[in-house]
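See below for the structure under consideration.
There are 2 protein chains.
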Amino acid sequence: MGRVSEAKVKLMDAVLELIWTGSYGSTTIDQICERAGVKKGSFYYFFNSKSELAVEALGSSWQSMQAEVDRMFSATIPPLDRLQKYCDFSYKFQCDMKAKYGRVLGCPQFSLGSEVCTQDDTLQKKIQSILDYKRKYIESAIRDGIASGDVPACDPSTKAQMVMAYYEGMLMQARIKNDVGLLSKMATGVFSLLGVKDGALATV
Amino acid sequence: MGRVSEAKVKLMDAVLELIWTGSYGSTTIDQICERAGVKKGSFYYFFNSKSELAVEALGSSWQSMQAEVDRMFSATIPPLDRLQKYCDFSYKFQCDMKAKYGRVLGCPQFSLGSEVCTQDDTLQKKIQSILDYKRKYIESAIRDGIASGDVPACDPSTKAQMVMAYYEGMLMQARIKNDVGLLSKMATGVFSLLGVKDGALATV
DNA sequence: ATAATAGTTGACTGTTTAGTAAACTTTGCT
DNA sequence: AGCAAAGTTTACTAAACAGTCAACTATTAT
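Chains U and B, in that order, give the protein sequences. The numbering used here applies: residue 1 is where the first sequence begins, and numbers increase by one. The numbering used here applies: residue 1001 is where the second sequence begins, and numbers increase by one.
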């Protein structure tokens, strides 16, 4: 019973957009409320702080993204194709953001993680866990690639770490330079890191 | 004539430390002044804003760093050794920071760049230019490596972009995870990206 | 010595911010 | 209808914040 509300969802959407198009530190609770079309009293009815809102928003945003990532990294897809698809997806995604906001926005977890890691422990832990999930997809694709003989023998965990550093570094660069072109050939570097000749893919 | 002052230097040191150990958005002018042991009136005597101070501080910090980088990337050193030295230096540097602050701090330009790129144009441009300088060292080493036959033929500019993405991505990951261990084998990935077998170095 | 220059200080202003509380409104249950 | 749960709103406080200014102090060239 009682009345129903979309305020919570609206606040989560608003905070993500503001953090992503700007930064965590520079977005105020008043701004979030204004963007969400929600009064501050309602904000504090649902959340205790900006940090708490951000944690929930990041979690829910990752949850909806995860379905899509699961499809890209399906075990039915050849391992290297998964990585190719993931790179292509990221490129397209960043193009969409650039079209929508006039800005390449990069990876929300990485940008935010770098900003708050020394300041907000619970937020930092949430981001860490999402990044760990993402790495597991890559690691699993590498492991499958080794099994199928597409990837030279290596430690999948270490290699995944490297691939991810490269991938996230590229997105960061694209954000800082506001240049989406850097990302169009992203997969090339991924395959170099794996010691795989580019173009050795089954189908794309 | 008139009296002499170290306030400007102290303010620049303070802002760099605060941004690096925290973030740009979360460091206030009051904080900077307190850390520097300088009164706010003096701050505004020398600078018009936090942004202006940050621009000057970044420039001067890069200038003193550049001497060291020039040595590492000396044309007298075999090209791949330069990259190895640079990776080793970064690793040691981050270890020092961890020892000093209890935190891996990563690359100041990259963290800050990602935070302010959508918000502060002059700061963004300053960071951009420093990052461009850094890339030129890598690009030049790659070009020399191709000339000496140590690096397979490629477009040095594009490859430098990739190497840098990987390098900066690694530093970012280390910052977010507060784990310096990730960086100990950094050069391995650099050489993979260049299509060079690890251990093909003249001397290190 | 003193006057001009360079830098310092503290007290001040107005604004933005986080956070609170009490009155009010909508909704569903009986 | 009427009551209770769930959510909304407005007006408020106190603190943090950026930025200003006039009076003050140290340095040095002459």
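Glycine included, C-beta positions come from ideal geometry on N, C-alpha and C.
Point to revise | Buried versus exposed call for V104 of chain U [16 or more other C-beta atoms within 10 Å across all chains shown] | key: Position 104 of the first sequence, counting from 1, holds the residue named residue 104 of chain U. That one is buried.
Review point. Should V180 of chain U be labelled buried (16 or more other beta-carbon atoms within 10 Å of its own) or exposed?
Key: Residue mapping note: residue 180 of chain U aligns to position 180 of the first sequence, counting from 1. Burial call: buried.
Check your understanding: Any idea if P1108 of chain B is buried or exposed, counting beta-carbon neighbours within 10 angstroms, 16 or more meaning buried?
Key -> One-based indexing of the second sequence puts residue 1108 of chain B at position 108. It counts as buried.
Practice item. Please report the residue range of the alpha helix (DSSP H) in which P1156 of chain B lies. Key: The sequence position of residue 1156 of chain B within the second sequence is 156, counting from 1. First-last of the alpha helix (DSSP H) with P1156 of chain B: P1156 to K1177.
Review point. Between Y1166 of chain B and M162 of chain U, is the Cβ-Cβ spacing less than 9 angstroms?
Key: Taking the first residue of the second sequence as position 1, residue 1166 of chain B is located at position 166. Taking the first residue of the first sequence as position 1, residue 162 of chain U is located at position 162. Contact flag set, yes.
Review point. Just the Cα atoms here: how many angstroms apart are T188 of chain U and S1005 of chain B?
Key: If you number the first sequence from 1, residue 188 of chain U lands on position 188. If you number the second sequence from 1, residue 1005 of chain B lands on position 5. One C-alpha to the other measures close to 53 angstroms.
Review point. When DSSP labels each residue in this structure, what does A36 of chain U get in the three-state scheme?
Key: Residue 36 of chain U sits at position 36 when you count from the first residue of the first sequence. Residue state, collapsed to three classes: helix.
Practice item. Put T1122 of chain B into one of helix, strand or coil per three-state DSSP. Key: Position 122 of the second sequence, counted from the first residue, corresponds to residue 1122 of chain B. Helix at T1122 of chain B.
Check your understanding: Does DSSP put A1075 of chain B in a helix, a strand or coil?
Key -> Indexing the second sequence from 1 puts residue 1075 of chain B at position 75. The answer is coil: DSSP assigns A1075 of chain B none of H, G, I, E or B.
Check your understanding: R1071 of chain B to P1156 of chain B, Cα distance in whole Å?
Key -> To locate residue 1071 of chain B, count along the second sequence from 1; it is residue 71. To locate residue 1156 of chain B, count along the second sequence from 1; it is residue 156. Spanning the two alpha carbons is a distance of roughly 21 angstroms.
**Study point:** Under 9 angstroms between C-beta atoms of L131 of chain U and M170 of chain U
**Key:** Locating residue 131 of chain U in the first sequence gives position 131, counting from the first residue. Locating residue 170 of chain U in the first sequence gives position 170, counting from the first residue. Cβ distance not < 9 angstroms, so L131 of chain U and M170 of chain U don't count as in contact.
**Study point:** Distance, L53 of chain U Cα to E1017 of chain B Cα
**Key:** Numbered from 1 along the second sequence, position 17 holds the residue referred to as residue 1017 of chain B. Numbered from 1 along the first sequence, position 53 holds the residue referred to as residue 53 of chain U. Note on geometry: alpha-carbon atoms of E1017 of chain B and L53 of chain U lie some 28 angstroms from one another.
**Study point:** Cβ shell of G59 of chain U (< 6 angstroms), same chain only, five flanking positions each side left out
**Key:** Working through the first sequence from its first residue, we reach residue 59 of chain U at position 59. Excluding sequence neighbours, G59 of chain U sits near nothing in its chain.
Check your understanding: Is it buried or exposed for G25 of chain U, if we count other Cβ within 10 angstroms and need 16 for buried?
Key -> For this step, residue 25 of chain U is matched to residue 25 along the first sequence. G25 of chain U is buried by the Cβ-count criterion.
Check your understanding: Are L194 of chain U and S1192 of chain B closer than 9 angstroms when you measure CB to CB?
Key -> Taking the first sequence and counting its residues from 1, one reaches residue 194 of chain U at position 194. Taking the second sequence and counting its residues from 1, one reaches residue 1192 of chain B at position 192. Going by C-beta atoms, L194 of chain U is nearer than 9 angstroms to S1192 of chain B.
Check your understanding: Using the rule of at least 16 other Cβ atoms within 10 Å of the residue's Cβ for burial, across every protein chain shown, is A1174 of chain B buried or exposed?
Key -> For this step, residue 1174 of chain B is matched to residue 174 along the second sequence. It is buried - the Cβ of A1174 of chain B has at least 16 other Cβ atoms within 10 Å.
Review point. For the candidate residues B:S1129, B:Y1137 and B:T1027, whose alpha-carbon lies nearest to that of I1077 of chain B?
Key: As a working mapping, residue 1077 of chain B is identified with position 77 in the second sequence. Among B:S1129, B:Y1137 and B:T1027, the Cα nearest to that of I1077 of chain B is on B:Y1137.
Exercise for review: Would you please state the rounded distance, in angstroms, between the beta carbons of G1106 of chain B and M1172 of chain B? I believe it to be under 8 angstroms.
Suggested key: Along the second sequence, one-based indexing puts residue 1106 of chain B at 106. Along the second sequence, one-based indexing puts residue 1172 of chain B at 172. Correct: roughly 6 angstroms between the Cβ atoms.
Review point. According to the Cβ coordinates, are E1056 of chain B and M1012 of chain B closer than 9 angstroms?
Key: Here the question's residue 1056 of chain B lines up with position 56 in the second sequence. Here the question's residue 1012 of chain B lines up with position 12 in the second sequence. Yes, the Cβ-Cβ distance between E1056 of chain B and M1012 of chain B is below 9 angstroms.
Review point. Based on Cα-Cα distance, which residue from B:Y1091, B:S1049 and B:K1159 lies nearest to R1135 of chain B?
Key: Along the second sequence, one-based indexing puts residue 1135 of chain B at 135. Shortest Cα-Cα distance from R1135 of chain B to any of B:Y1091, B:S1049 and B:K1159 involves B:K1159.
Check your understanding: How big is the Cα-Cα spacing for G22 of chain U and E68 of chain U?
Key -> For the purposes of this step, residue 22 of chain U is taken as residue 22 along the first sequence, with counting starting at 1. For the purposes of this step, residue 68 of chain U is taken as residue 68 along the first sequence, with counting starting at 1. Each residue's alpha carbon lies about 25 angstroms from the other.
**Study point:** Closer than 9 angstroms to chain B by CB, A165 of chain U
**Key:** Here residue 165 of chain U corresponds to residue number 165 of the first sequence, with the count starting at 1. Yes, because at least one Cβ of chain B sits closer than 9 angstroms to the Cβ of A165 of chain U.
Review point. Fully enclosed by the segment 14-64 of chain U, which beta strand (DSSP E) runs are 3 residues long or longer?
Key: none
Practice item. Give the range of the alpha helix (DSSP H) segment to which L1194 of chain B is assigned. Key: Here residue 1194 of chain B is taken as the residue at index 194 of the second sequence, counted from 1. Run containing L1194 of chain B: M1186 to L1194, per the alpha helix (DSSP H) assignment.
Review point. Looking at the unbroken alpha helix (DSSP H) that takes in E1115 of chain B, where does it start and where does it end?
Key: Counted from its first residue, the second sequence places residue 1115 of chain B at position 115. It spans P1108 to V1116 - the alpha helix (DSSP H) in which E1115 of chain B sits, taken as one unbroken run.
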